[in-house]
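Trainee: For the sequence shown, the residue numbers in our numbering are 8 to 121.
We put the CB at the ideal spot given by N, CA and C, even for glycine.
What follows is a structure written as structure tokens; I'll ask about it next.
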Amino acid sequence: MPYKIKLLINNKENEYVRNEPPMVENLIDALKIQRIEIEMDTTENGQTDKQIEERFNGYADFAVKFWHNQFSKKDFLSGLPTDAFDSIKNPVWDTLGYDLDALEDEDEDDEKKD
């Protein structure tokens, strides 16, 4: 499965593709993101600014390494549209071993219940 991400850099849409599977170095970065997200979900007083920043910086660091430094962290943070966040979230979850199809089915079931 090729992994694709589109970033808007200098007012131009650029697509980056990764054809190989995630590697151990990607798993390490994905586990860091998972740890941050667990902390954020279990914080009594809600998410802190520091946690939010750490989370998005974690995704940016993951993306830069995952796509072999084809773009910078700044390019990622300022060039990924918010509606395209799944293009980075899905590779992270896939690296962690989650079945993306099963997760989508669960989301659809939850929406039907609401």
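#1: Just to confirm the assignment, what range does the alpha helix (DSSP H) spanning ASN33 have?
#2: Are the stretch 17-26 and the stretch 37-49 touching, with three or more C-beta to C-beta distances below 8 Å?
#3: Applying the 10 Å Cβ sphere with the 16-neighbour rule, what's the burial state of ASP36?
#4: Of all the beta strand (DSSP E) runs that stay within the bounds of the stretch 45-109, which reach a length of 3 or more residues?
#5: Determine which residues share a DSSP beta bridge with ASN21 and list them.
#6: Applying the 10 Å Cβ sphere with the 16-neighbour rule, what's the burial state of ASN26?
#7: Just confirm the distance between the C-beta atoms of PHE63 and PRO98, as a whole number of angstroms; I'd bet it's less than 8 Å.
#8: For LYS13, tell me which candidate among ASP106, ASP56, PHE92, GLU60 has the shortest Cα-Cα distance.
#9: Taking the alpha carbon of GLU61 as the reference point, which residue from ASN76, GLY104, LEU107, LYS80 has its own alpha carbon closest?
#10: For GLN58, which residues from the same chain have a beta carbon less than 6 Å from its beta carbon, with the 5 sequence-adjacent residues on both sides left out?
Mentor: Result, derived from the coordinates:
#1: Position 26 of the sequence shown, counting from 1, holds the residue named residue 33. Where ASN33 is concerned, the enclosing alpha helix (DSSP H) stretches over 31-49.
#2: Inter-segment contact for the stretch 17-26 and the stretch 37-49 is absent: fewer than three beta-carbon pairs are separated by less than 8 Å.
#3: Looking up residue 36 in the sequence shown gives position 29. Buried.
#4: none
#5: Reading the sequence shown from its first residue, position 14 is the one you call residue 21. Bridge partners of ASN21: LEU14.
#6: Here residue 26 corresponds to residue number 19 of the sequence shown, with the count starting at 1. With fewer than 16 Cβ atoms within 10 Å of its Cβ, ASN26 is classed as exposed.
#7: As a first step, residue 63 is located in the sequence shown; it is residue number 56 there, counting from the start. As a first step, residue 98 is located in the sequence shown; it is residue number 91 there, counting from the start. That belief does not hold up - the Cβ atoms of PHE63 and PRO98 are roughly 15 Å apart, past 8 Å.
#8: Counting from one through the sequence shown, the residue named residue 13 turns up at place 6. Of the candidates ASP106, ASP56, PHE92, GLU60, the one whose C-alpha sits nearest the C-alpha of LYS13 is PHE92.
#9: To locate residue 61, count along the sequence shown from 1; it is residue 54. Among ASN76, GLY104, LEU107, LYS80, the Cα nearest to that of GLU61 belongs to LYS80.
#10: Walking along the sequence shown from the start, residue 58 turns up at place 51. If we look at GLN58 and ignore the five residues flanking it on each side, its Cβ neighbours are MET47.
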